[in-house]
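To convert a position in the sequence shown, counted from 1, into the working numbering, add 3.
No residue lacks a Cβ here, since even glycine has one placed at the ideal position from N, Cα and C.
The structure displayed is predicted, hence computed values, not measured ones.
Note sheet for the following structure.
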Amino acid sequence: MEPSPLTQQARPEVFQQKIVELYEALLKQDEDDHEKSEGFWREFFLLRPDKATLHRILDELSPDDLLHLQTQTRQLFLRAVACVKTGSEPADAHALDVSWNLYGYETALTRQTITAFLASVLPKKYTNPSSDIINVLAGLDQVDAVFTDFVAALDVTIRTGRTLDIRQKAIKVALAVVSGAYQTSLLSYFTHRDLFPSLMKFIQDSDTISRAFEPFTLLGLLANYNKFEFQNPYRLRLDDFVNEGTIQKIIRSVGYTCTSARGKYVAIQEDLPEGWSIGTTLNMIGLGAIAAGAKTTPPVIDPELAKEMFAKLPGSEAAILLATYDFAHANKLFCFNFVSLSAEKGLEPPIASFLSVTSYFFQHAHSSFRTTLYSHLNLLILRLLIEDQVLCKRICSDESKMSVRLCRQRSPYLPLVRGDRMLAASILDMMIDGINHNLRRRLDVDFYILCVGIVLRLISHLSRSRTRLNYHWSELFRSLLSLVRFLTTYTSDLKHLNHIEILLDDLVNLIALSLSAGEAFLPNPAAYDDLFYKLVETGEILVKFRDSYELTKRPNSSIDTLISVTTHYKQLLADGAQGRKGKHLTSVQVAGVIKQGYETLSIQAKEGLDGWEKYREADKRVFLKKMARAAVADVKTFIGKLPSSPGGDFFSQMGTIKVSHRSALVSPCRKARWYWYMIAALSIVHRQHYHISTIASQVNGAFPQTLPRNRTIDYSLGTKAIVVDLSRLFGFHGCIAAADDWL
């Protein structure tokens, strides 16, 4: 019998993947031989990367350690860029990030090299961030050539990569660089090389909604880079983009992301009121167990724990909202599609998802600084949509009718409205919730200015177009006057806050506009009467409010109009009370006096109450810079959460083995034999020696004792020779043909 070409090797004490050994050899701090051979790098990029291990090794190094290892880190970065440029398979995929198929054994091996390397190296706190990062990656003398090639390679890969997966991995690498080096000069290379066409082509070619998330988020970061300091080319591209199909894919991705973000809030506290059913009725009387298809009540989370969980929301996926704002600010076609795009089967319309998650932000805006920022950002997007008169007309018309799930996780609750209604009604509900749930002594004045401003713009349009909106207006007026009471009660805490005077003027003018133009947009006389009734109730508070903030000195305030109305009715009510048996009028009697008072009432409203200033981005410069930094931090978090598997777990995932395109469950013993065939293929593909003992623990103690545990497979052997040799060893002759097909 011909001797076996397999060789026997001594059993090592500790087993580890070959790629881990190469990582450690490359990043040894006492390494004298800094220059690695061509063979080292060829093997390095042919092996499957182990993201977790590379992260661990790099995370253990301080910024000074990395500067000391700059020769090795430069080589790693340069070689990875070269692999991406050449596009050779599988080195380019391993250099980026790849989901691959090994000869019929389909396994998602989402490993990374460049992404893991950059995600670990860039966020470290260097003494001189720009120059130190340049030294670690390329060196000051080579940075222009290296980064020009790097960005060009990413551009080409994103636009013309072999597969959508490879192209998407290149986008993830770009996200890692842009987010990690956002405060450095390295981002100038991304403005010199315009990635916009490649990103949009990828979105256009994408086959799922979720694929548009990363390129669009990347676009948002690039469009915000120093946009107030120079003419950002990505911002100009957003202005001119008119491919409606691609825009709609982006909008659907935004809607899908908003739905996902909302789901995290609902997972903590379910807030959807359950409608009537036989099951709910039986539950009420203690007979829920006999109800057909009875639902399990979700566990109630401790309030303190829920508070901590809410404070961590929204998730890092919210970074896409920054790009949404930029596109909405720059492109009217995007805005039109955002408002009008219909729902796909089984999903909400994107605008409904956006409004829904915004309502959850509002009720939890106080819980964290991030939530506050994203609440402001979504308010700016809403303001941009409503300031477009064409879109505002649609929002206030029956064309926009749809169902929007609004947050009901905190009281006071607004009346529950089921079914479709105009978007304007849902937006007004959101503004009321925003006003009611964020009253604090340290008031977020800018948040309230935006809420009141959006209500003012909607009512201005309704009154001008004489559109009567069927809505619970009493809730809106109650909230506005409650805000007046709050501002009056805590004058000493609020009087000196920045921009408080803008909020005071807008609030007073909004109430005055409702008084003077209410007949044009309120659905019936009863709603108009209710507004006067609530205003008369607040008469004394309005006087105190005026005096506390010295509103008579402000030329734009309409406080005198409000007080003149309350004074008029105060006299009528006093006259009506004379000669009556009771000292006080009933609510019905007060309502009658209010109706009679219209005949003698003269509302001296100021001109231009329905006017408003158009949005100017320069006014929000400070906020948008904070928002960009928050989005960058979220992208870093997102990059850090890229899916991965712990090193060496490939075999443990093979509970079902695919052979010749047919899946079959296999016994532990037979699984062990198939592992041998897998070892053969892996050895050939990865040029790596896989020891049989590395999988002994994967077969639950059923590894046949007769198998030679000290054998390795030499990759220099031919495939057929390995299969025949293994079949001869284990008597598994019937599988040679199948193994040929597999290999």
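Measure from the alpha carbon of residue i to the alpha carbon of each residue in the options, then state which is nearest.
i       : options                               : result
Leu-409 : Thr-555, Leu-387, Asp-436 and Ile-384 : Asp-436
Leu-121 : Ser-406, Arg-444, Asn-473 and Leu-69  : Leu-69
Gln-2   : Gly-142, Phe-193 and Asp-208          : A query on residue 2 cannot be resolved here, the shown segment of the chain reaching from 4 to 746 and no further.
Gly-614 : Tyr-493, Arg-481, Thr-361 and Ile-457 : Ile-457
Ser-201 : Ile-597, Leu-189 and Thr-163          : Thr-163
Ala-634 : Ala-326, Gln-366, Ile-597 and Ala-119 : Ala-326
Leu-388 : Tyr-377, Leu-358 and Ser-191          : Leu-358
Glu-41  : Ala-85, Asp-447 and Ile-304           : Ala-85
Gly-595 : Ala-529, Glu-616 and Gln-607          : Ala-529
Leu-1   : Lys-315, Leu-385 and Ser-345          : Lying outside 4 to 746, the shown extent of the chain, residue 1 is not represented and no answer is given.
Ala-610 : Ala-520, Lys-617, Leu-554 and Asp-550 : Reading off the sequence shown, one finds Glu at residue 610, where the question assumed Ala. Answer by Cα proximity: Ala-520.
Thr-492 : Val-511, Arg-444 and Ser-463          : Arg-444
Ile-271 : Glu-232, Phe-193, Ile-304 and Leu-383 : Ile-304
Glu-63  : Leu-316, Leu-576, Thr-10 and Glu-27   : Glu-27
Pro-353 : Arg-413, Thr-262, His-369 and Tyr-363 : Thr-262
Phe-80  : Phe-216, Ala-119 and Ile-606          : Ala-119
Arg-59  : Leu-9, Val-124, Phe-43 and Asp-67     : Val-124
Thr-494 : Ser-551, Pro-218, Asp-622 and Ala-155 : Ser-551
Leu-500 : Leu-525, Asp-447 and Pro-317          : Asp-447
Tyr-192 : Thr-160, Phe-216 and Ala-155          : Ala-155
Tyr-215 : Phe-231, Ile-253, Thr-194 and Tyr-237 : The sequence given here has Ala at residue 215, not Tyr. Comparing Cα positions, the closest option is Ile-253.
Arg-397 : Leu-49, Gln-574, Leu-382 and Phe-339  : Phe-339
Lys-204 : Gly-542, Lys-31, Gly-248 and Gly-422  : Gly-248
Lys-54  : Lys-31, Cys-395 and Thr-116           : Thr-116
Ser-590 : Lys-537, Leu-565, Arg-624 and Gln-251 : Lys-537
Ser-356 : Asp-496, Asp-274, Thr-260 and Ala-322 : Thr-260
Pro-526 : Leu-189, Trp-476, Leu-167 and His-71  : Trp-476
Val-317 : Val-455, Tyr-268 and Glu-273          : It is worth fixing the name first, because residue 317 is Pro in this sequence and not Val. Closest by alpha carbon: Tyr-268.
Assuming the contact rule is C-beta atoms closer than 8 Å, residue i and residue j should be a hit. Round their C-beta distance to whole Å, please.
i       : j       : result
Leu-518 : Leu-534 : 7 Å
Ala-177 : Leu-221 : 6 Å
Lys-639 : Pro-126 : 6 Å
Thr-56  : Val-23  : 5 Å
Ile-212 : Arg-255 : 5 Å
Val-758 : Leu-417 : Residue 758 falls outside the range modelled here, since the chain spans only 4 to 746, and no answer is possible.
Tyr-129 : Pro-218 : Not a contact, Cβ separation roughly 29 Å.
Met-433 : Thr-374 : No, Met-433 and Thr-374 are not in contact; Cβ-Cβ is about 15 Å, not under 8 Å.
Val-593 : Leu-554 : Contact flag wrong, Cβ pair sits at about 26 Å.
Leu-3   : Lys-21  : The structure shown does not extend to residue 3, since the chain is modelled only from 4 through 746, so no value can be given for it.
Leu-490 : Phe-548 : 7 Å
Leu-461 : Leu-431 : 7 Å
Leu-612 : Ala-515 : 6 Å
Ala-1   : Ile-161 : Nothing about residue 1 can be reported from this structure: the residues present for the chain run from 4 to 746 only.
Trp-44  : Arg-77  : Between Arg-77 and Trp-44 the Cβ distance is about 13 Å, and since that is not below 8 Å, they are no contact.
Across which residues does DSSP place residue i in a beta bridge pair?
i       : result
Arg-424 : Met-405
Are the C-beta atoms of residue i and some chain D residue less than 8 Å apart?
i       : result
Val-448 : Although the question refers to chain D, the structure presented lacks it and comprises just one protein chain.
message = Is it the case that the segment 450-463 contacts the segment 496-515, given that we only count it when at least three CB pairs across the two stretches are under 8 Å?
response = For the pair of segments examined, the segment 496-515 was found to touch the segment 450-463: the number of CB pairs separated by less than 8 Å reaches three.
request  = Determine, using beta-carbon pairs with one atom in the segment 590-602 and one in the segment 556-563, whether at least three such pairs fall under 8 Å.
outcome  = Contact fails: fewer than three Cβ-Cβ distances are below 8 Å.
query = Any chance the segment 222-242 sits against the segment 324-331, with 3 or more Cβ pairs inside 8 Å?
reply = Counting C-beta pairs with one atom in each stretch, the segment 222-242 and the segment 324-331 have three or more that are closer than 8 Å, which means they touch.
query = What residue ranges within the segment 340-418 form continuous alpha helix (DSSP H) runs of no fewer than 4 residues, ordered along the chain?
reply = DSSP runs (the alpha helix (DSSP H)) wholly in the segment 340-418: 353-366, 372-390 and 392-398.
request  = Could you tell me whether the segment 227-247 touches the segment 181-201, where touching means 3 or more Cβ pairs closer than 8 Å?
outcome  = Three or more beta-carbon pairs drawn from the segment 227-247 and the segment 181-201 are found closer than 8 Å, and the two stretches are therefore classed as touching.
Within the segment 507-553, ranges of the alpha helix (DSSP H) (whole runs, at least 4 residues) = Entirely contained in the segment 507-553, the alpha helix (DSSP H) runs reaching 4 residues are, in chain order, 528-540 and 542-552.
inquiry  = Which complete beta strand (DSSP E) runs does the segment 102-174 hold, if anything under 3 residues is left out?
reply    = Here the runs fully enclosed are 108-115.
query = Okay, do the segment 616-630 and the segment 468-482 touch, 3+ Cβ pairs below 8 Å being the bar?
reply = At 8 Å Cβ cutoff, the stretches do not touch.
ask   = Would you call the segment 415-435 and the segment 398-407 touching, i.e. three or more CB-CB distances under 8 Å?
value = Counting Cβ pairs under 8 Å, three or more are found: they touch.
task = Flag this pair as touching only if the segment 304-316 and the segment 340-355 have three or more C-beta atom pairs under 8 Å; answer yes or no.
result = The way I'd put it, the segment 304-316 doesn't touch the segment 340-355; fewer than three beta-carbon pairs between them come closer than 8 Å.
ask   = Below 8 Å, can you find three or more Cβ-Cβ pairs linking the segment 479-499 to the segment 522-541?
value = Between the segment 479-499 and the segment 522-541, the count of C-beta pairs closer than 8 Å reaches three or more; the two stretches touch.
inquiry  = Can you confirm whether the segment 127-137 touches the segment 178-191 when touching is taken to mean that 3 or more C-beta pairs between the two stretches lie within less than 8 Å?
reply    = A contact is defined here as three or more CB-CB pairs under 8 Å, and the segment 178-191 meets this definition with respect to the segment 127-137.
ask   = Curious, which full-length alpha helix (DSSP H) runs of at least 4 residues does the segment 210-258 contain?
value = Qualifying alpha helix (DSSP H) stretches, in chain order: 216-227 and 236-243.
task = Could you name each continuous alpha helix (DSSP H) segment of 4 residues or more that falls completely within the segment 477-507, going from the start of the chain to the end?
result = The qualifying runs are 494-497.
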